[in-house]
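Structure first, commentary second.
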Amino acid sequence: MKDKRSSKAALNQHQFQHHRSQKLASLREDKRESAPDLDEDNRGFGGWLRSEEGIENLKLFVLGNTIFAFFAISWPQIKEALDAAYYLYIEYTERKE
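Going by full-length UniProt numbering, the sequence shown runs without a break in its numbering and finishes at 97.
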């Protein structure tokens with residue numbers, strides 16, 4: 001009795017694996033058929049951005065954006081320091097007179 005159950009379970013296991021492998025093969029086939037054309041990806045802005053010129057411009061953009069963000073965030077402290085330096089200069093020049 002146990003032999004029949006174990007052989008039936010083994011048969012079910014084998015059928016499941018066979019069905020699974022067929023399904024995976026079918027999915028792989030569908031993927032190959034529906035793969036996008038790489039030439040379409042390299043057109044327009046995406047293609048330009050992947051080019052050498054696009055990469056260099058992206059580096060410049062990141063650098064400029066970093067500098068802008070630094071000054072935008074720290075501007076109140078910079079203005080305070082410049083005002084303090086200005087008033088010190090005014091006091092220094094008034095003492096000389």
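The beta-carbon is built from N, C-alpha and C at its ideal position, and this holds for glycine as well.
The structure presented is a predicted model; accordingly, all values stated were derived computationally and were not measured.
Take the alpha-carbon of N12 and the one of Q22: they are about 15 Å apart. Assigned with DSSP and collapsed to three states, S51 falls in coil, not helix or strand. Inter-residue distance for K79 and E91 is about 18 Å (C-alpha atoms, whole angstroms). CA-CA distance, K96 to L82, rounds to 21 Å. Cα atoms of Y87 and Q77: separation of roughly 15 Å, rounded to the nearest angstrom. One alpha carbon belongs to F71, the other to L63, and they sit about 13 Å apart. Shown here, R43 sits in coil according to DSSP, grouped into three states, outside any helix or strand.
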